[in-house]
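Residue numbers for the sequence shown follow our numbering, so the first one is 9 and each next one is one higher.
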Amino acid sequence: MINMRTFLIATIALMLTISTSASEKEKNTTVSESDASSMMVVSGTITDSTTGEPLAGVEVQLEGADVKSYTDFDGNFTFKGLTPGEYKLVTSYISYDQATEPLKLYEKQTEVKIKLENSK
């Protein structure tokens, strides 16, 4: 009888532990989703100002967030998980003038189009 009683108590304790653990995971997921809803996304395209051709491999740096990226073959870049605020978007590419664009992030998604001038 004692073994059966011990077994039932252990089973109930285990079930309560699992239930509490699942509840905590659900709370953490909810917090993460609300944090994600306040995050901003910046995407854009960088092209040659004369030809309009997309530029691949342009370094795009977001000052104020200390992140950088490089454009893909179509001249596109994306920054995700940014907080609202004011930033500077700085582009750098061989044989092109550096461009700096002020950027105010207050909408969930911001799209930027930048035309780089060929350095002479």
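Just so you know, even glycine gets a beta-carbon here, dropped at the ideal spot from N, CA and C.
Remember, predicted model here, so these are calculated numbers, not experimental data.
Pull the bridge partners of residue i from the DSSP assignment, please.
{"i": "E71", "result": "K96"}
{"i": "I122", "result": "I54"}
{"i": "Y78", "result": "E67"}
{"i": "T108", "result": "V98"}
{"i": "M48", "result": "L90"}
{"i": "N84", "result": "T53"}
{"i": "L113", "result": "G93"}
So what does DSSP say about residue i, is it helix, strand or coil?
{"i": "T58", "result": "coil"}
Would you tell me roughly how many angstroms separate the C-alpha atoms of residue i and residue j, rounded to the nearest one?
{"i": "G72", "j": "D105", "result": "21 angstroms"}
{"i": "P110", "j": "G60", "result": "22 angstroms"}
{"i": "A64", "j": "G83", "result": "5 angstroms"}
{"i": "T99", "j": "K116", "result": "22 angstroms"}
{"i": "F85", "j": "I102", "result": "17 angstroms"}
{"i": "K112", "j": "K128", "result": "31 angstroms"}
{"i": "T14", "j": "T25", "result": "16 angstroms"}
{"i": "S51", "j": "D74", "result": "16 angstroms"}
{"i": "P92", "j": "F81", "result": "28 angstroms"}
{"i": "I20", "j": "M12", "result": "12 angstroms"}
{"i": "V49", "j": "E94", "result": "13 angstroms"}
{"i": "P62", "j": "F87", "result": "18 angstroms"}
Going by the beta-carbon positions, is the gap between residue i and residue j smaller than 7 angstroms?
{"i": "G89", "j": "M23", "result": "no"}
{"i": "T108", "j": "K96", "result": "yes"}
{"i": "E119", "j": "S57", "result": "no"}
{"i": "S2", "j": "V66", "result": "Since the first residue shown for the chain is 9 and the last is 128, residue 2 is missing from the structure and cannot be characterised."}
{"i": "K123", "j": "T79", "result": "no"}
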